[in-house]
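Protein chains in written order, with my numbering: chain A, 7 to 281; chain B, 7 to 281. Structure, as C-alpha cells:
2 protein chains.
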Amino acid sequence: MLERKVKTVRALERGLDVLVEVQARRAVSLHELHQALKLPKATLLRMLLTLGRKGLIWQRLADGAYLPHLGPAARGTGSAVEHIAEIASPYMKALSTKVAWPSVLGVPRLDHMEILETNSPLFRLDSAILGPVGVKLSYIHTATGRAYLAACDEQEREAIIARLRPKDAAPGSEEDLRAILKETRERGYALREPLHPWPDRSKQLVLRDGRRSMAVAIMANGAPIATINLTWPAKRGTDEAVMHRHLEALQQTAQAIGLAVAAQSVSAPIAGNAA
Amino acid sequence: MLERKVKTVRALERGLDVLVEVQARRAVSLHELHQALKLPKATLLRMLLTLGRKGLIWQRLADGAYLPHLGPAARGTGSAVEHIAEIASPYMKALSTKVAWPSVLGVPRLDHMEILETNSPLFRLDSAILGPVGVKLSYIHTATGRAYLAACDEQEREAIIARLRPKDAAPGSEEDLRAILKETRERGYALREPLHPWPDRSKQLVLRDGRRSMAVAIMANGAPIATINLTWPAKRGTDEAVMHRHLEALQQTAQAIGLAVAAQSVSAPIAGNAA
DNA sequence: GTGCGCGTTGCATAAGGTGAAACACGCGGA
DNA sequence: TCCGCGTGTTTCACCTTATGCAACGCGCAC
C-alpha cells in the first residue's frame with residue numbers, strides 16, 4: 007500500500023485534500039480554501055461541486071459556506087439534531103421560490119434561539135437581509151422564539167421561562183407571557199406581537215426594525231427541534247394578506263423538514279463487543 | 007450547489023465512488039471493486055493507492071482486502087478497539103522484516119480468540135500460512151489464548167474460564183490451568199505447552215499441526231486488548247533458539263502497538279445541546 | 001503439469017483537468 | 001450616487017495526466 011510502483015491520481019489526491027480541509031474546519035468559504043490549499047478557485051469550484059454531488063459536503067444558503075456532510079458517523083452525538091440545517095437547507099431553498107419573503111431556521115439554546123440557516127441571500131431585496139448564522143434571537147420578543155416556547159413540553163418551557171424571568175418582573179407579566187404562548191399554540195403559528203414587558207438584549211432591536219414575522223415549530227417524533235419563520239417589511243395593511251397567502255406554505259415546509267429529520271434519525275447499529 | 011454550470015471532476019468523482027464502495031462493504035478485494043464499479047483494475051489500483059496515502063482506507067496484510075479507515079467518527083462505538091487491526095498492521099509488517107516467522111493478531115471473544123490480522127502472506131514459506139481473518143483460536147490450547155487469559159484481570163479471567171469449563175472437568179484440572187496461566191504471567195510470554203486436558207473444538211488441530219508458537223498480550227491503558235504471536239514449524243532442538251532470538255522483538259512490537267492504540271483513544275468531544 | 005483467476009506493470013492515446021483571464025455582483029466608502 | 005475592491009463564477013485553449021488495453025507474474029486448484 008505504501009510503496010507501490012504505480013503513480014497516484016493527482017485529481018483525486020487534490021480533491022481529497024479539499025474534502026479533508028472542509029472536514030477539518032467545520033465551515034469554510036471558497037476563498038479560505040483558495041488560500042489554504044493554493045488552488046485556483048475555478049478548480050476548487052469544480053471539486054466542491056463534485057464532492058457535493060457525491061453527498062460528502064453541502065453548501066449553506068446563509069453565507070455560501072461549505073460544510074461537511076455528517077455521515078452515519080456522528081450519530082449518537084445528539085442524534086440527527088446536528089444535521090437539521092443540512093436537511094432543512096434544500097426545503098428552504100424551495101420555499102424561497104414559492105414565497106416572496108425570506109426565512110430563518112432557528113434552534114433552541116439555553117436562553118435564546120440561534121440561527122442555523124437562512125435563505126435570505128436568495129432574495130435581491132435589501133430589506134431581506136436576515137442576520138448571519140449564529141445570531142441570537144430572543145425567546146420572548148421574536149416569532150421564532152415564541153413558536154418554540156409554545157410548542158415544547160411544559161417542563162422545558164418552565165425551565166426556559168425561569169431562566170429568562172427578570173428579578174424585578176412586574177406582577178402579572180409572567181401570566182401575560184403564558185397567555186401569549188397559549189394563544190400561539192391554539193392559533194398554530196407565532197407572531198412577535200403582542201409586546202411583552204420583560205427586557206432582553208434584542209428587545210429594542212426587534213421593536214424598531216420595521217419588520218413583521220411569523221414562525222412555526224418544526225416537529226420531529228412529537229417534539230419541536232427547531233423553528234422556521236417568514237419575515238417581511240411592515241407596510242400598513244399588508245400584513246394580513248402576507249400571512250394569509252404564505253402561512254400554508256410555511257407550515258408545509260416545516261412539516262416536510264420535520265419528517266425528513268425523523269427519517270434520518272434511525273439509530274446506527276452498535277457493534278457489540280464481548281467481555 | 008446542485009445546478010452549477012461547471013463540470014464535475016471525473017477523476018475525483020470516480021475516486022469517491024471507490025471510497026464509498028469500500029465504506030459500504032466493510033472489506034473488499036480489488037476484484038470485487040472491479041466487478042462492482044466496472045473500472046479497470048489498473049485504474050482502481052491507482053485510486054486505492056491515492057486513498058490509502060490520504061489515510062482514508064488501508065489494506066489488510068492478511069488477505070490484501072481494502073478496509074475503510076475509521077475516522078474520529080466511529081468513536082463511542084467501542085472506543086478504539088475496532089481499529090486495532092488497522093493500527094497494528096504496519097507494526098506487523100515491520101516485524102515481518104525483523105523476524106523469520108509469521109505472526110497473528112488476535113482479540114478476545116466470548117469463548118475464543120479471533121484472528122483480526124496476520125502478516126503471514128508476507129512470507130514465502132508454505133509452512134507459514136496462518137488461518138485467514140476470522141479464524142477462532144482456543145483460549146486453552148493456543149499461546150494466543152493463554153497470553154490473553156494470563157494478562158486480563160481476575161474477574162474477566164474467571165468469567166471466561168467459567169464459560170469454558172466442561173461439565174465433567176477432571177478434578178484438579180482447573181487448578182492446572184490456573185497454574186499454567188500463573189507461570190505464563192511470571193514468564194512474560196505464553197506458550198501452547200504444556201498440554202491441558204479440557205476439550206475444545208481446536209484442541210486436536212493444535213496438537214498435531216507440527217508448529218510451535220509463543221504469544222504476548224498487547225496492553226493499552228493497563229488492560230490487555232489483543233495479543234500477538236509468533237508461529238514456527240517444530241523442528242527438534244530449534245525452539246529455544248527461535249524463542250530466544252525473537253522474544254524481544256515480539257514484546258517490543260506488542261508494546262509499540264499498545265502505545266499507538268492508547269494514543270488513539272482520546273475521546274471525541276461531545277457536542278452539548280441545551281434543554 | 002497446466003490452466004485459470006487475480007493482482008500488477010507498462011505504455012500509447014486523447015480525455016479531461018487545469019488555471020489565467022475575463023466577467024458578475026454586492027458591499028463599503030467617498 | 002458613484003466608484004473600487006473583494007469575492008464568487010464562467011469561459012476556454014493548452015498540455016498535463018488519467019485511462020484502459022495488453023502483457024506479465026504468481027499462486028492455487030485440479
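Note that beta-carbon positions come from the ideal geometry of N, C-alpha and C, so glycine has one too. Just so you know, these numbers come straight off a predicted model, no measurement behind them.
- Message: Among the candidates 55/B, 56/B and 37/B, whose CA atom is the shortest distance from the CA of residue 47/B?
- Response: 37/B
- Query: Do the segment 193-203 of chain B and the segment 217-227 of chain B touch if we need at least three Cβ pairs shorter than 8 Å?
  - Reply: Taking a cut-off of 8 Å on C-beta distances, the segment 193-203 of chain B touches the segment 217-227 of chain B, as three or more cross pairs fall below it.
- Message: Measuring only the C-alpha atoms, how far is residue 74/B from residue 18/B?
- Response: 17 Å
- Taking the alpha-carbon positions, what's the residue 138/B to residue 224/B distance? 20 Å
- Any chance you could list the alpha helix (DSSP H) runs of at least 4 consecutive residues sitting entirely within the segment 196-235 of chain B, in chain order? 209-213
- Message: Given this structure, state the Cα-to-Cα distance separating residue 58/A from residue 90/B, to the nearest angstrom.
- Response: 32 Å
- Item | Status (buried if at least 16 other CB within 10 Å, exposed otherwise) for residue 227/A | Looking at its Cβ environment, which holds fewer than 16 other Cβ atoms inside 10 Å, residue 227/A is exposed.
- Message: Spatial neighbours of residue 109/B within its chain, please: C-beta separation below 7 Å, excluding the five flanking residues on both sides.
- Response: 98, 101, 124, 125, 234, 235 and 236
- Query: Using a Cβ-Cβ distance under 7 Å, would residue 263/B count as near chain A?
  - Reply: no
- Query: Is there at least one Cβ from chain A nearer than 7 Å to residue 34/B's Cβ?
  - Reply: no
- Query: On the three-state DSSP scale, how would you describe residue 93/A?
  - Reply: helix
- Going by alpha carbons, who is nearest to residue 144/A out of 254/A, 175/A and 112/A? When each option's Cα is compared against that of residue 144/A, the closest is 112/A.
- Message: Going by C-alpha to C-alpha distance, which of 93/A, 146/A and 254/A sits closest to residue 204/A?
- Response: 146/A
- Output yes or no for whether 7 Å exceeds the beta carbon distance between residue 255/A and residue 104/A. yes
- residue 63/B (DSSP reduced to helix, strand or coil): strand
- Identity of the residues DSSP links to residue 34/A by a beta bridge: In DSSP, residue 34/A forms a bridge with 72/A.
- Item | DSSP three-state assignment for residue 264/B, whether helix, strand or coil | helix
- Just the C-alpha distance for residue 189/B and residue 179/B, rounded to the nearest angstrom, thanks. 15 Å
- Mark residue 159/A as exposed unless 16 or more other C-beta atoms lie within 10 angstroms of its C-beta, in which case mark it buried. With fewer than 16 other CB atoms across the displayed protein chains lying within 10 angstroms of its CB, residue 159/A is exposed.
- From this set, 245/A, 243/A and 239/A, which residue's C-alpha is nearest residue 135/A's C-alpha? Of the listed residues, the one whose Cα sits closest to residue 135/A is 239/A.
- Limits of the beta strand (DSSP E) - the one that residue 121/B falls within: 119-124
- Message: So, at 6 Å on beta carbons, what are the nonlocal neighbours of residue 157/A in its own chain, with the 5 sequence-adjacent residues on each side left out?
- Response: 223 and 230
- How should residue 56/B be labelled, buried or exposed, when 16 other C-beta atoms within 10 angstroms of its C-beta is the threshold for buried? buried
- Message: For chain B, check one thing: does any of its Cβ atoms lie closer than 7 Å to the Cβ of residue 60/A?
- Response: yes
- Task: With 7 Å as the threshold, decide whether the Cβ of residue 56/A is near any Cβ in chain B.
- Result: Nearest CB-CB separation between residue 56/A and chain B: below the 7 Å threshold.
- What in chain B is Cβ-close to residue 17/A, meaning under 7 Å? Neighbours of residue 17/A on chain B, chain order: 15, 17 and 18.
- Task: Could you tell me which chain A residues have their CB closer than 8 Å to the CB of residue 207/B, listed as they occur along the chain?
- Result: Neighbours of residue 207/B on chain A: none; closest Cβ ~17 Å, over 8 Å.
- Item | DSSP state of residue 142/A mapped onto helix, strand, coil | strand
- Exposed unless 16 or more other CB atoms sit within 10 angstroms - verdict on residue 28/A: buried
- Going by the beta-carbon positions, is the gap between residue 166/A and residue 141/A smaller than 7 Å? no
- Reducing DSSP to helix, strand and coil, say where residue 21/B ends up. helix
- Query: What's the C-alpha gap between residue 22/A and residue 51/A?
  - Reply: 14 Å
- Item | Rounded separation between residue 161/B and residue 232/A - CA only | The alpha-carbon of residue 161/B is positioned some 47 Å away from that of residue 232/A.
- Can you tell me the Cα-Cα spacing of residue 13/A and residue 107/B, whole angstroms? 32 Å
- Item | Inter-residue spacing [alpha-carbon to alpha-carbon] between residue 68/A and residue 127/A | Near 6 Å, if we compare the C-alpha coordinates of residue 127/A and residue 68/A.
- What do you get for residue 181/B, buried or exposed, if any count of 16 or more other CB atoms within 10 angstroms of its CB means buried? It is exposed - the Cβ of residue 181/B has fewer than 16 other Cβ atoms within 10 Å.
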